Amino acid sequence: MTLLVRLLLLVGLIWSLPPRAEVAHFPPRPQAFVSPRDISLEEGPLTIYGATDLDFMRPLLEAFQQRHPLIDLSYHQLGSTELYERFVREADGGAPTADVVLSSAMDLQIKLANDGYAQPYTPPAALPAWSRWRDEVFGFTHEPAVIVYNRALVPADEVPRSRRELLRLLEARREHYAGRVGTYDPERSGVGFLFTSHDAELSPDFRRLAAGLGAAEVQLFGSSAAMLERVADARLLLAYNVLGSYAQAWAEREPAIGIVLPRDYTLVMTRLVLIPRAAPQPRLARLFLDFLLGEDGQRVVAGPAHLYAIHPGVDGELTARRLRALLGPALQPIQVNPSLLVYLDQAKRRRFLQQWRQALTGPRD
Amino acid sequence: MTPSAGADWSIRRRLLAWLLTPLLLVCAALLAANYVQARHTADLTFDRLLTASILAIADRVTVVDGRIEADLPSVALEMLSSTSQDRVFYRIGGPGGAFVTGYRDLPGPAAAVPGRIRFDDADYRGEPIRVAALARPLAPWGLEGEVRVLLAQTRGERDRLTRELVLASALRLLVVVVLAGLITGFGVRAGLAPLAGLQRSIRSRSPTDLSPITQPVPREVRTLVDAINQLMERLQASLDAMQRFIADASHQLRTPLAGLQAETELALREHDPAALRQALARLLAITRRTSRLASQLLSLARAAPQGGAPVLAALDLGTLAAAVTREAVPAALAKDIDLGFEGGAAARVDGDPLLLAELLKNLIDNALRYCPPQARITVRTRASEARSATLEVEDDGPGIAADQRERVLERFYRPPGTPGEGSGLGLAIVREIAERHGAVLTLADGAGGRGLRVRLDFPAPSGAEPRSAPPTAGADR
Amino acid sequence: MRILLVEDDDDLGNAMLRALRSRDHAVDRLADGRLADSVLRTEAFDLVILDLTLPGCDGLDVLKRLRSRGSRVPVLVVTARGELEQRIAGLDLGADDYLVKPFALSELEARVRALLRRGQGQSDPRLVHGALVFDTVARRLSVAGEPVELPRRELCLLEVLLGRVGQVVSKEQIAEKLFGFDDEAGPNAIELYVHRLRKRLGSAGLNIRTVRGLGYLLEEP
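Residue numbers (this note's numbering), protein chains in the order written: chain A, 1 to 365; chain B, 366 to 842; chain C, 843 to 1063.
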C-alpha cells in the first residue's frame, strides 16, 4: 500500500468520524407526573454506550425513564470503532464502564461477545434465532437496506425494484444517472462495509453491479444521512443500500424521497445490544434490555425511534412483521454469529476492499 | 452394608441392600464409562466441523509479495457457529511462530504434523476450549517453513451433548435400578408367601393342638419347621407329663385327705379322753404324711423338665453332699441312726445345686424312713478315673428286693408290705433329677449283701478342666 | 421374751400365737407387711417371726428395711412357698433361720429357743447347757454350781460345741478355733480332746456325738 493511499485513507477516516462523542444525561425525575400504573421505582445510575444517533435513541431513553423515573440515565453517543476501543480499554483496565453497549457495528459487537466481554441475559420475548447469539448479544432493530430515489426526478416506470433492474437502468440511462448515483463507501462506513460484503456473498451479479455503479460514476458516502440529504435536494437521483430506518425518517419530512425494498433480496441488519460482564449496574442493565426488547420498547422502536421493531408481536409500518409480510423469503437478515468476525480480519478486509475498488473501476467494457 | 450390623433387618431389606449396593456401584462405574464415551462422541461429532472449517481456512491461505495472507471465508466460521452457540477463536501463524492474523495468544498443540489435523483441549480466556491445529508447508510458494492454522471453539455445545448423552444413559440406568428394586421387592414377597401360609396355619391352630406341622414348605424353611415340630413334640410330652402329674397328685392327695376327714369325724365322736388323745395322735400322723406328700409333689413338679435343657453349672458334689448330710444329722440322731459321710476329694459335676440337694435329701430321707434304729447310713462321694463323679447312699436296712428295684422308681409305687408312711415319690424324684443330669441311677445291695446301696454316676463335666485337688488323697479314708 | 409374729393366715397365726404364749413369751401378731414395717421402726423385740407372703408389703422387703435400719434383732423366716431360691435370698438379706410350711410346732419352738439364746449371747456372756454353765467372758465353767477346772484347749472345744448345740461342727471348724493358723495339729488331736471332754463331763449330761465324716454334735440336754 502506498503512502498516498494511506494518507487518503487517514483523511477519509477523519472525515467520516461522527461528531465528537456526545453525552446525553437524563437525570432522575422523581417529581415527574406519571401514571402510577406504569411506574417502577428502580433507582440508580445507568450508563449506556451507543453508536446510534441520539435522535433515534432519545424516544427510547425517554420512554424508559418514564417507566423508571428514579434512574439516573446517561447515554454516551460514540462512533462504533471508538465505542469498541473505549469499552475494551475500560473493561480490560478495570475502569468503570457502560452497563449497556449497543451498536450497529454488528461485527464489533459479536467480537465483544466472542472475546468474553458480555454476560448472559434472558430476553423477555422470543426473538428470531438469527438475531441473537449465546444469550449474550441481541438484535433490537430490523432495518432493511433500501434503494432511495427522488420521486420528482425518477419516473415511476424507471424506479428499479431489484438489483438487476438497477443495473439495467444504469446501463440504459448511463448519461442521465452519471454522477448522480450514491452508495455507501465500505472503506469509511462500518454499515456500508457490512452491506457491501454481504452483497458480495449473496448477489450473483455483484461484480456486474459494482462495475455498473463504477461506470455510472457512483458517489461514495460515509453515512445514510449524507445520501438522503442529496437525494432530497436532487443532487442525487438515486442511492443504493441506504439504511431503511434513516430513509423512513427522511421520507416523512421530505416528500421527494421514494423508498424501494429490493425484491430479489433485501438485506436486513440489526443493532446489537449487550450487557458487559463488567457492568457496574447489571440489574439496571437487565431492566433496560427488558424494556428495549420487550413489547413496550419495541413499540417505541417502531414508532418515534423509526428503527424498525424486531419483536414478532409488534405490528406497524416499521416492523419486522410488516417487512416479512411484504417481502417474505426475499428478506435476508445478516446472521448474528461469529462468521461476522472474518470481516474484522484486516487482511481479509484489505483484500475485500481491493476487490471492491477493482470492481468499481473494473473492466470498463 | 454389613448385614451383621442389622441383625433385625427384614429379609427384603437385606436382599435389597445386597442387590442394590453392587448394582448401584456397577451403575456408577457404567455412568463414568458412559461419560468418557459421551465426551468422546461429542468431540468426534464437533471435531468434524472443526476439521471442515480449518481445512476451508487453510485452503484460503496464500502468499502475496512474500507475505502470508489469509482470506478468511466467512462460511468457515459460519459452519462452526450456525449449529452452536460456542465462541470461536483462530490464529494463523507463519514460520518460526510469526503471527499473521487472528487471536495472537491462542494456545494450541505444540507441533502439528504437516497435513494432519491435531486436536487438543485447552483453556482460553477463562473457558475450556477445543483446539484444532493444521500446518501447511509453504514450499508451493517457494518459502521455507510452514503456515500454522489454529481454530478453536469453546466446549459449551460439546459439554451439552455430553450431558445429554450421559443423562439419557443415567435415566436408563435409573430405570434398571428401580425395576431391580421393584422386582426384588415383589420377588421377596412371592418367595416369602409360603411363610405367610405357614404363619396363617400356625395362627389358626387351637392352643391345645400340638401336632406337627405337615404343610409343605420350601427347603430353606424345612429346618425351621422341623425345629418347631420338635419343640411341639417336647411341649406335648411336657404337657402330657403335667396332666399325668396333676391326675396322680389329685388322686394321691385326696386319699389322705379322706383319711383325715374320717379320722376327724371319729375323733369328734370320742368321749373318752384317752381314746381322744389316741385319735388326735393318728390325726397328726396323717397330717404329717399329707404335708410331706404335698411338698414331695412340689419337688417332683420342680424336678420335672419344664421344656428345654436345665441350666447346669460346675459344682463340687462332695461339698454339696456334705452340707446336705450335715443338715440331716439331727433327724438321724432323733431316730438313733448313725448317719455318716465319706468323701473328700473334689468331685466335679455339671449340675443344678438346688435339684441335686433335693435328690440327696430324698435319698437320705428314704433311708432314714425305712431303716430301723441303730442302722448305719453312709453318704459317699467319689471322683472316678474318668473324671466323672459318683454319689452313693448306702444303708444296712431292710433293702429292696431285686425284682422291685425297677418299680420303686415309679411314682407312687410302694413295694408290698412296706411299713411306715412313705408316699412312694422319693425315688421317683431322685430318678427325675438324675435323668436331668444325665446321671446313671443304680440300686444294689449294700455292703455284705445287706440293706440298699443307691448309686449315681454323673457324666464328666463339660468344662473338662483338670481337677484342682490332688488325686483322691484320702477319698476312701 | 418379746416376739413379733407377722403371719397373715389366721388359722396358722393363732396356732403359732397360742403355742408361743404357752411357752411364756410375750407375742404380738400382725397380719400386714406395711404395718409390721412401721411397728418395727418404733418398737423393740427380742425376735421377729416373719412370713414371706404378706399383704401390703412383701416379707422380704420388711426384712430388707429392718436390716437397712441397722437392727440386729433375730429374724425367723416362715414361708409357705418352700422355694429354695427364696431361702438363699432371705439369707442374703439377713434372716437368721428358716422354717418351711408345713412344720411341727415343736420344730418352731426349738428354732425360737435357739434364736433367742443366740440373741441373748450378745448381752449375756453365759452359755447354759443343762447343769453346765460357761461364762464366756470370765472363761469359767461350773457344773451344778460347782466350779470345774479344764485345760485351755478343752475349754475352747466346749465353747465351740456349746455355741452350736444340736448342729454338726466339722473338725476343720474346731481346729480353726483350737489351734489358730500357726499351730499345726492333726485330726487325731481333736479326737483326743473330744475323748477327754466326754470323760470329764459325760456325767454332767454333756453328750457329744461323733458324726462320721462330718464332725461332732453336742446333743440337746
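Using N, Cα and C, we set each Cβ at its ideal position, and we do this for glycine too. Predicted model, so just to flag it, every value in this text is computed and none were measured.
Methionine 106/A to glutamate 82/A span [Cα, whole Å]: 14 Å
Spatially closest choice to alanine 740/B from Thr755/B, Val773/B, Gly816/B, Leu790/B, by CA coordinates: Gly816/B
N- and C-terminal bounds of the beta strand (DSSP E) containing arginine 968/C: 968-971
Beta bridge counterpart(s) of tyrosine 75/A as assigned by DSSP: Looking at the DSSP output, tyrosine 75/A bridges to Ala24/A, Ile48/A.
Residues of the region 1043-1057 of chain C with Cβ closer than 7 Å to any Cβ of chain B, in chain order: Arg1051, Val1053, Arg1054, Gly1055, Leu1056
Helix, strand or coil at tyrosine 246/A [DSSP, three-state]: If DSSP states are grouped into helix, strand and coil, tyrosine 246/A belongs with the helices.
Minimum Cβ-Cβ distance from glutamate 22/A to chain B less than 8 Å: Under the 8 Å criterion on CB atoms, glutamate 22/A is classed as non-interfacial with respect to chain B.
Under 7 Å from the C-beta of glycine 855/C: neighbouring residues of chain B: Under the 7 Å cutoff, chain B gives no residues; its nearest Cβ is about 17 Å from glycine 855/C.
Rounded C-alpha distance that separates serine 833/B from alanine 711/B: Note that serine 833/B scores a pLDDT of 43, beneath 50, so its modelled location is shaky; the value from the coordinates is reported in the next line. Taking the straight line joining both Cα atoms gives about 8 Å.
Members of the region 463-478 of chain B near chain A, C-beta cut-off 9 Å: The region 463-478 of chain B vs chain A, Cβ under 9 Å: Val465, Thr466, Gly467, Tyr468.
Alpha-carbon to alpha-carbon, phenylalanine 976/C and glutamate 1001/C: Using only the alpha carbons, I get a separation of about 8 Å.
Pair within 8 Å by beta-carbon distance, isoleucine 794/B and serine 664/B: yes
Helix, strand or coil at glycine 672/B [DSSP, three-state]: Note that glycine 672/B scores a pLDDT of 49, beneath 50, so its modelled location is shaky and nothing firm can be said.
Any C-beta of chain A under 8 Å from that of arginine 523/B: no
Where the region 996-1014 of chain C meets chain B: residues whose CB sits under 7 Å from a CB there: Gly1008, Val1010
Contact residues within the region 333-357 of chain A, judged by C-beta distance below 9 Å to chain B: Of all residues in the region 333-357 of chain A, Gln335, Asn337, Pro338, Ser339, Leu340, Leu341, Val342, Tyr343, Asp345, Gln346, Ala347, Lys348, Arg350, Arg351, Phe352 have a Cβ within less than 9 Å of some Cβ in chain B.
Neighbouring residues, chain C, relative to leucine 698/B (Cβ below 8 Å): Arg1051, Leu1059, Glu1061
Interface partners of glycine 491/B on chain A, CB under 9 Å: Gly116
Minimum Cβ-Cβ distance from serine 656/B to chain C less than 8 Å: yes
Closest residue to arginine 180/A among Asp99/A, Val218/A, Leu267/A (Cα-Cα distance): Cα-wise, what sits closest to arginine 180/A is Val218/A.
Cβ-Cβ distance between glutamine 332/A and tyrosine 265/A below 8 Å: yes
Where leucine 846/C falls, given that 16 or more other Cβ within 10 Å makes a residue buried: buried
Cross-chain neighbours of alanine 435/B in chain A, by beta carbon under 8 Å: Asp345, Ala347, Lys348
C-beta atoms of leucine 238/A and tyrosine 308/A nearer than 8 Å: no
Proximity test, Cβ basis, 8 Å: glycine 972/C and chain B: no
Paired residues, beta bridge with glutamine 219/A - DSSP: Gly182/A
Test item: CB-CB of glycine 1008/C and glutamate 1062/C under 8 Å: yes
Span separating the alpha-carbon of valine 314/A from that of leucine 323/A: If you take the alpha carbons of valine 314/A and leucine 323/A, they lie about 12 Å apart.
Selection of the region 68-99 of chain A by Cβ proximity to chain B, strictly under 9 Å: Per Cβ criterion, the list is empty.
Contacting positions in the region 105-136 of chain A - beta carbon closer than 8 Å to chain B: Ala113, Asn114, Asp115, Gly116, Trp133, Arg134, Asp135
Cβ pair alanine 699/B, threonine 746/B closer than 8 Å: no
Nearest-angstrom Cβ-Cβ length linking arginine 321/A and glycine 139/A, presumed shorter than 8 Å: Not quite, the Cβ-Cβ distance comes to about 15 Å (not below 8 Å), so this is no contact.
Arginine 528/B (DSSP reduced to helix, strand or coil): helix
Cutoff 8 Å: glutamate 187/A Cβ touching any chain B Cβ: no
Segments assigned alpha helix (DSSP H), at least 4 residues, entirely inside the region 89-166 of chain A: 106-114
Integer Cβ distance of serine 203/A from arginine 163/A, believed to fall under 8 Å: 6 Å
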